[in-house]
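What follows is a short report on a single structure.
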Amino acid sequence: MNNKIISPSDALDIVKKSIVKRRSRDNRLKLFGRIAIGVAVCFLLTLFYSIFTKGYPGFFQYYVTLDIKFDRERIDPKGDLSDNSLFDGEASIIVNESLYSIIQPKGRKEKKLAKKIVSSGKDVRIAKMVKNNPSLFGTTTSVKFALDDDVDSFLRGYLKRETPENERRISDKAIQFIDKLNEEGRISYEFSDYILGGSASGNAEMAGIKGAFIGSMLTLSVCLLIAFPLGVATAVYLEEIAKKNRITEFIEVNINNLAAVPSVVFGIMGLAIFISIFGMPRSIPLVGGMVLALMTLPTIIISSRAAIRAVPPSVRDAAYGIGASKIQVIFHHVIPLAMPGMLTGTIIGMAQALGETAPLLMIGMVAFIVDVPNSVLDPGTVLPVQIFMWADFAERMFIQKTSAAIIVLLGFLISMNALAVYLRKKLERRW
Amino acid sequence: MFSFYILVGILLISFVFFFLGKNQAKKVAYTNKKKLHSLIHYYGLYSLLSSLIPTLGIFFAITICDDLLFAELIKKYIPDEVVNSKDYNFTIVLAQINNSVEGLIFGTPPEWVANAAAIWKSWVLKSNTITVAVCTITILVSGFFSLKKIKFEFRSRNAVEKIVTSILAVSSMIAILTTIAIIFSVVFESIRFFALIPYDEFLFGTIWNPQFEGADRAGSGQEGLSQYGAIPLFAGTFLISIIALCVSVPVGLFSAIYLSEYATSKERAFFKPLLEILAGIPTVVYGFFAALTVAPFLRSSGSIFGLNVASESALAAGLVMGIMIIPFISSLSDDVINAVPQSLRDAGYGLGSTKNETVMKIVLPAALPGVVASIILAVSRAVGETMIVVMAAGLAANLTANPLEAVTTVTSQIVTILVGDQEFESAKTLSAFALALTLIIITLAMNFYALHIVKKYREQYE
Chain A
31 MNNKIISPSD
41 ALDIVKKSIV
51 KRRSRDNRLK
61 LFGRIAIGVA
71 VCFLLTLFYS
81 IFTKGYPGFF
91 QYYVTLDIKF
101 DRERIDPKGD
111 LSDNSLFDGE
121 ASIIVNESLY
131 SIIQPKGRKE
141 KKLAKKIVSS
151 GKDVRIAKMV
161 KNNPSLFGTT
171 TSVKFALDDD
181 VDSFLRGYLK
191 RETPENERRI
201 SDKAIQFIDK
211 LNEEGRISYE
221 FSDYILGGSA
231 SGNAEMAGIK
241 GAFIGSMLTL
251 SVCLLIAFPL
261 GVATAVYLEE
271 IAKKNRITEF
281 IEVNINNLAA
291 VPSVVFGIMG
301 LAIFISIFGM
311 PRSIPLVGGM
321 VLALMTLPTI
331 IISSRAAIRA
341 VPPSVRDAAY
351 GIGASKIQVI
361 FHHVIPLAMP
371 GMLTGTIIGM
381 AQALGETAPL
391 LMIGMVAFIV
401 DVPNSVLDPG
411 TVLPVQIFMW
421 ADFAERMFIQ
431 KTSAAIIVLL
441 GFLISMNALA
451 VYLRKKLERR
461 W
Chain B
129 MFSFYILVGI
139 LLISFVFFFL
149 GKNQAKKVAY
159 TNKKKLHSLI
169 HYYGLYSLLS
179 SLIPTLGIFF
189 AITICDDLLF
199 AELIKKYIPD
209 EVVNSKDYNF
219 TIVLAQINNS
229 VEGLIFGTPP
239 EWVANAAAIW
249 KSWVLKSNTI
259 TVAVCTITIL
269 VSGFFSLKKI
279 KFEFRSRNAV
289 EKIVTSILAV
299 SSMIAILTTI
309 AIIFSVVFES
319 IRFFALIPYD
329 EFLFGTIWNP
339 QFEGADRAGS
349 GQEGLSQYGA
359 IPLFAGTFLI
369 SIIALCVSVP
379 VGLFSAIYLS
389 EYATSKERAF
399 FKPLLEILAG
409 IPTVVYGFFA
419 ALTVAPFLRS
429 SGSIFGLNVA
439 SESALAAGLV
449 MGIMIIPFIS
459 SLSDDVINAV
469 PQSLRDAGYG
479 LGSTKNETVM
489 KIVLPAALPG
499 VVASIILAVS
509 RAVGETMIVV
519 MAAGLAANLT
529 ANPLEAVTTV
539 TSQIVTILVG
549 DQEFESAKTL
559 SAFALALTLI
569 IITLAMNFYA
579 LHIVKKYREQ
589 YE
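Next comes the structure, spelled out in structure tokens:
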């Protein structure tokens, strides 16, 4: 058929006949492309939607307002506001009494049940209040206390009134008490002061991300202090000083390899080298920061090298022309001009480090730590690990708190990335 | 805290030397009545660097070495009957002593532990004194030597630049050191693992059932139950990666084609960063999404069709991982498609082909090596990905090709074995290192291959 000679008009006919088919094929490809992007964007939106709808309520929780008589004798028996004295005091009994006076439970069993409606952190709350404001003593003030997580779940409607009593986590009597409190208008749904101000806790209603957040910041600052100077120094050395020889080529191969090594392997290295051989303690932000620094180093080096390469040779030549030495050219001209690009790479590297979980699990940052770490040598945890730990807990409220923590984490990541984009757009010069 | 104070002290003293060096240079210039070779601050910098660097080196050497030395020396103070007892483990004993040193005492420790702790404390005190003394002497001696060196004919700028260059060179060695550290930490433990478990059992065995050796010793009657056949883990990893590719390759590739060939520049500027957001989301968030949103959804929709979907299924993990690696494929493919010279496209259009024909018959074949490389890179990402599989794929080492069942992967086994308290020297703990070694080899091989393809392809057009 190919050998047949056809006249131009026949050829035109053949082309005309096929053109519709060819055009539709073209449109189909375009459609597939649109569908693919639509699918990807859809995934993204679903992810964000599911996290936000779950996490938004996590910032709020139910509180009960109780009238508390701040009796110094009972709350602070030694009268010096020390932790010891407040611990000996009867703050939680006072709270319970105030609660009983409203719902009037009969007998020990009911009292026990009533007590559990309010979260067990009530004495800590009172201790904090009187410490901040000793003038409260002698007054009667209404104070808001968090409700227990099961009560909270019930009020949110996750535990249904209709389910038989033995199948739900909250008893009929407790529901009666809650109704009573509700009738009196003492229950309110407000912004939770635990989610941002509280630390790790086994009680869902008191759990917060403060400890993990500070741990993250400490870890990240160690990571930044190590990775940024090292990354920039390496990039400068490879781009400006080193001659192309076997050693520099070997270094480059190593950097590319490190960029490809799975993050969990860096954790294993941290475990074997920093903890086992150097004998550093587990779970401290210092070790975490060091591991993350080694992990983000390739990212910083690669972007810094690109930034240095983008500085035009004419700048260097001009500097050499007025008598600058090599190091002066580098430190006075190349590095300042390449700085926006280097910073962009560093911010992206830090964002990567902030979201990283697996290597930190290896070096023991999963421990359950209630105290907020004060220095890089105190045991602590980080936000992503906290999220991982909370995701395992069974209580309904932890799902919301986990999602709330994810929202905070994503907020930070997005603002870091936005900063990187802004820096790239505003400061990077086009030559 | 002690180290911190010493560091601050060292820094302060070296700053003092900065000013001393500057003064010295001024004096030299004044007495010679001539201009010096270098700017005056280079003399100060020279004094600062030459006092700071040796002192820091010595300080870090001492702080790292003293614990190692103490651990070696304390062995003498452990009674023979403890050393000779059956379940003696030096690491545990050391931890006991260290806890006691830090004042964390659980119950009543034996007397020898308290003694050893006391001795350890005295050593720490001694080593602190020695550190202070040695550091002070070093910083003063090296500082004064540097001041002595500042004479009229001394070219301090060249000296400072030499020091700075060597600092830069040393920091570029960190990449090599890290690689060595990774190899070191993985290979040695793996060798010990393969001394216990033959490598053919590890590589070709089909049952993965690690048990703590302690269970054997306790006489639980489960002796010989430990089996370290890694095939189910490789199969699980492979299965999840395949599912991930089924999601990400079509979506990523078609979006790349659309963005580079069909989209207007406005669309491109909007959608490309949007897709890249997917790569910036932490994996733990994906894991949470997979475990709490995707898995229940698959389970309930599976039951509509009468399928029994496990609550931790390979499908959920694979789907979400596929979402995660979409940007790796779309961005890289987009770059290589853009790198195809416009002249090839123009030639296609000149012959009267439609856009579809140009893309499918000219651009894609030309960009194919790069596209393949991007897919390989995405696979190596998927293989090394940890959190999604830990949270969503489960721990059951099933050897199955059914995506609706729970499977486990190499990375999730590493995490479960090494998180928390480990039994030192047991085959179970060591197996994690062997798994890590195989993981490194697989991902590096894939990366090398991908880079090789990209390099070869680039040469064609440049």
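Chains as they are written, first to last, in the numbering used here: chain A, 31 to 461; chain B, 129 to 590.
Glycine included, C-beta positions come from ideal geometry on N, C-alpha and C.
No experiment lies behind these values; they were computed from the predicted model shown.
Limits of the unbroken alpha helix (DSSP H) element including residue i
i	result
residue 370(B)	359 to 385
residue 142(B)	130 to 160
residue 146(A)	Premise fails: residue 146(A) is in no alpha helix (DSSP H) and is neither H nor E.
residue 78(A)	38 to 85
residue 415(B)	411 to 417
residue 394(B)	393 to 408
residue 315(B)	302 to 324
residue 327(A)	315 to 340
Opening and closing residue of the beta strand (DSSP E) in which residue i lies
i	result
residue 259(B)	That residue, residue 259(B), is in no beta strand (DSSP E); its alpha helix (DSSP H) goes 239 to 277.
residue 91(A)	90 to 99
residue 173(A)	170 to 176
residue 354(B)	No beta strand (DSSP E) holds residue 354(B); DSSP gives it neither H nor E.
residue 217(A)	217 to 221
Residue j beta carbon less than 8 Å from that of residue i
i	j	result
residue 263(A)	residue 139(B)	no
residue 99(B)	residue 299(A)	Residue coverage of chain B in this structure runs from 129 to 590, which leaves residue 99(B) outside it and unanswerable.
residue 183(B)	residue 263(B)	yes
residue 566(B)	residue 543(B)	no
residue 340(A)	residue 319(A)	no
residue 237(A)	residue 231(A)	yes
residue 402(A)	residue 229(A)	yes
residue 211(A)	residue 132(A)	yes
residue 443(B)	residue 531(B)	yes
residue 204(A)	residue 147(A)	yes
residue 503(B)	residue 568(B)	no
residue 452(B)	residue 406(B)	yes
residue 558(B)	residue 222(B)	no
residue 443(A)	residue 390(A)	no
residue 66(A)	residue 390(B)	no
Assigned exposure category for residue i - 16 Cβ within 10 Å defines buried
i	result
residue 380(B)	buried
residue 50(A)	exposed
residue 575(B)	buried
residue 484(B)	buried
residue 75(A)	exposed
residue 39(A)	exposed
residue 170(B)	buried
residue 124(A)	buried
residue 431(B)	exposed
residue 349(B)	Legend: pLDDT at residue 349(B) = 46, less than 50; position of this residue unreliable, value from coordinates given subsequently. Label assigned to residue 349(B): exposed.
residue 135(A)	buried
residue 284(A)	buried
residue 72(A)	exposed
Residue from the options whose Cα sits closest to the Cα of residue i
i	options	result
residue 487(B)	412(B), 578(B), 388(B) and 565(B)	388(B)
residue 469(B)	493(B), 372(B), 158(B) and 446(B)	493(B)
residue 388(A)	499(B), 512(B) and 482(B)	512(B)
residue 367(A)	384(A), 266(A), 411(A) and 446(A)	266(A)
residue 412(B)	179(A), 440(A), 58(A) and 125(A)	440(A)
residue 121(A)	143(A), 137(A) and 97(A)	97(A)
residue 99(A)	427(A), 166(A), 306(A) and 446(A)	166(A)
residue 420(B)	431(B), 441(B) and 291(B)	441(B)
residue 454(A)	309(A), 337(A), 186(A) and 134(A)	337(A)
residue 70(A)	220(B), 360(B) and 378(B)	378(B)
residue 420(A)	217(A), 432(A), 73(A) and 91(A)	432(A)
residue 63(A)	228(B), 396(B) and 141(B)	396(B)
Contact test: residue i Cβ vs the ligand PLP heavy atom, cutoff 7 Å
i	result
residue 358(A)	This structure lacks the ligand PLP, and indeed carries no ligand of any kind.
Cβ-Cβ separation, residue j to residue i (assumed contact under 8 Å), whole Å
i	j	result
residue 329(A)	residue 375(A)	6 Å
residue 285(B)	residue 166(B)	4 Å
residue 268(A)	residue 335(A)	6 Å
residue 582(B)	residue 501(B)	5 Å
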